[in-house]
Amino acid sequence: MDTPNPLAHGNRLQRAYYRWALPHYEKIGRTDPVLRERVELTDIHLYTRSGLGAWAVWWLVLGGFALSLHALGHSWPKSLGVSFFTWSALSAALLGVWLAPVTMKPSDYLRKFLLGALVGGGAMSLLLMGIHGAPERLDPSRLMRALSVATPLLIGALLLLALVGNAGRAARDRQLARLQLVAERDAAARNAAEADLRLLQAQIHPHFVFNTLATLQHWVDRRDERAGPLLRELTGFLRRSTEMLGRPAVPLAEEAQAVRHYLAILAARLDGRVQGEVDIAPALAQQLLPPGLVLTLVENAVEHGLEPKIGQGRLWLTAALTPGGGWWLRVDDDGLGLADDAQDHVGLANLRRRLHHHFGDRARFTLQRRAEGGTRAQITLTDAP
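Throughout the sequence shown, residue numbering follows the numbering used here, covering 1 to 385 in sequence.
#1: Does DSSP classify Thr380 as helix, strand or coil?
#2: In whole angstroms, give me the CA-to-CA distance for Leu52 and Leu62.
#3: Can Leu216 and Leu234 be called in contact, C-beta distance under 9 angstroms?
#4: Could you give the first and the last residue of the continuous beta strand (DSSP E) run that contains Leu321?
#5: So, with DSSP's three-state summary, where would you put Ala363?
#6: What first and last residue would you give for the beta strand (DSSP E) that runs through Glu277?
#7: Do Ser241 and Ala214 have their CB atoms nearer than 9 angstroms?
#8: If you draw a straight line from the C-alpha of Leu266 to the C-alpha of Asp173, how long is it?
#9: Is it the case that the segment 367-378 contacts the segment 318-326, given that we only count it when at least three CB pairs across the two stretches are under 8 angstroms?
#10: Taking the alpha helix (DSSP H) that Leu306 belongs to, which residues open and close that run?
#11: When the Cβ atoms of the segment 314-322 are set against those of the segment 275-295, are three or more pairs found closer than 8 angstroms?
#12: Should the segment 54-68 be called in touch with the segment 82-99, which here means at least 3 C-beta pairs below 8 angstroms?
#13: Taking just the CA atoms, how far does Arg190 sit from Glu225?
#14: Near Glu136, which residues of its chain fall below 8 angstroms by C-beta distance, leaving aside the five closest residues on each side in sequence?
#15: Since Trp328 sits in a beta bridge, which residues does DSSP pair it with?
#16: By Cβ distance, which residues of its chain are closer than 6 angstroms to Trp219, with the 5 residues on each side in sequence left out?
#17: Which residues mark the beginning and the end of the alpha helix (DSSP H) in which Tyr25 is found?
#18: Return the chain-ordered list of same chain residues with a C-beta closer than 6 angstroms to the C-beta of Ile379, the five sequence neighbours on each side being excluded.
#19: Can you give me the C-alpha to C-alpha distance between Ser50 and Val97, rounded to a whole angstrom?
#20: Distance check for Leu238 and Glu255, CA to CA, integer angstroms please.
#21: Could you tell me the boundaries of the alpha helix (DSSP H) in which Tyr262 lies?
#22: Taking C-alpha atoms, which residue in Gly374, Val331, Glu277 lies nearest to Gly337?
#23: Assuming Arg362 and Leu348 make a contact with CB atoms under 8 angstroms, what is their CB distance in whole Å?
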């Protein structure tokens, strides 16, 4: 079950029943988890306040049947006894076909209940006749009249069992479909989490780290004063990137700080050839995003737009609110621009999937050329409906 069983925390009788039933739940669950859930839900309904109506109807029917038998001339003990036995057996049968309808096909009803119908019909007929004493007092004509009354009742009971079995089968199919959807959702969540992990691990590209370390080593060997600031920026970038690993979401302010470290390292390595600006609206500082999302856009802009460009290049990371209650985030660059045959690579494909997994239909990602030259990558979030 998705939620704890309330019987486990109910009154003393409910807790006692739950302790008694728990081993049976577990035994059923080992072979049929769906049946276990149905049994638990049925127990919860019957043994909490929600089941008071069902119990009231059951006792009213029992009393009405006993009253009918008494009106036919039977004594109260016999009327109550026969009524209790009959309705207890019928209730148990109905409960059985409701809980496990898959094993009860229409042919099973006839085969499994035919013998019971014959025996029950004879017993009911004898009771309806009010037979007392030795069998030799049996009147065949009275027995036939009693059978004519008992047979429709038994046929009605079999039809009721068939209807309940079909309803139970339909309910089980719906439950299986729901569980399948839950399983597919969980599988999608696991796949998204694995994609997140792969993406985050790929954020620190080996060539970026190695090139930075090579530059750092060269500066250390030459005792260049730029080595210290570069080492601090690299340490900050690595710390920020690895701290985001495994977290479901991070504030935009943390991601923006990792971007600042990244841009500072590039500016130092490339001797100022690539410059960047970060402008995040204060109201969006704590806006949660899947980790590494913004870094992916920044790295994509640098790798495909700015690094191949001859001469100076700039990058702008901006985020602002929209009048309708949503917000947008842009990564603009003045690099080479979007190629005519450009397609999503692994990073952007993962980005689209992660956006949809985290925000659903509220999120939209676009990648387009800028009129001023270069490329604009934009994430737009509409307000929740």
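Backbone N, C-alpha and C define an ideal beta-carbon position, used for all residues, glycine too.
The relevant details are as follows:
#1: Looking at Thr380 - three-state DSSP - the assignment turns out to be strand.
#2: Roughly 15 angstroms separates the two Cα atoms.
#3: Their beta carbons are under 9 angstroms apart, which means Leu216 touches Leu234 by this criterion.
#4: Taken as a continuous stretch (DSSP letters only), the beta strand (DSSP E) holding Leu321 covers 313-321.
#5: In the three-state scheme derived from DSSP, where H, G and I count as helix and E and B as strand, Ala363 is classed as strand.
#6: Looking at the DSSP string, the run of the beta strand (DSSP E) that includes Glu277 is 274-280.
#7: A distance of 9 angstroms or more separates the beta carbons of Ser241 and Ala214.
#8: Approximately 58 angstroms between the Cα atoms of the pair.
#9: Output reads no: the segment 367-378 does not touch the segment 318-326.
#10: Counting along the chain, Leu306 falls outside any alpha helix (DSSP H), and DSSP gives it neither H nor E.
#11: Touching, yes, given that three or more Cβ pairs across the two stretches are closer than 8 angstroms.
#12: Put simply, the segment 54-68 touches the segment 82-99. At least three CB pairs are less than 8 angstroms apart.
#13: Approximately 46 angstroms, taken between the alpha carbons.
#14: Confidence is the limiting factor: at Glu136 the pLDDT is only 46, short of 50, which leaves the residue's position unreliable and the question unanswerable from this model.
#15: Ala320, Thr380.
#16: A distance below 6 angstroms between beta-carbons, with the five flanking residues on each side excluded, links Trp219 to the following residues of its chain, in chain order: Arg226, Ala227.
#17: Membership of Tyr25 in the alpha helix (DSSP H) is indicated by the continuous run 12-31.
#18: Take Ile379, set aside five residues on each side of it, and the residues of its chain with a beta-carbon closer than 6 angstroms to its own are Leu329, Phe365, in chain order.
#19: Near 21 angstroms, if we compare the C-alpha coordinates of Val97 and Ser50.
#20: Their Cα atoms are separated by approximately 12 angstroms.
#21: Per DSSP, Tyr262 belongs to the alpha helix (DSSP H) from 252-269.
#22: Ranking Gly374, Val331, Glu277 by Cα distance to Gly337 puts Gly374 first.
#23: Not a contact, Cβ separation roughly 19 angstroms.
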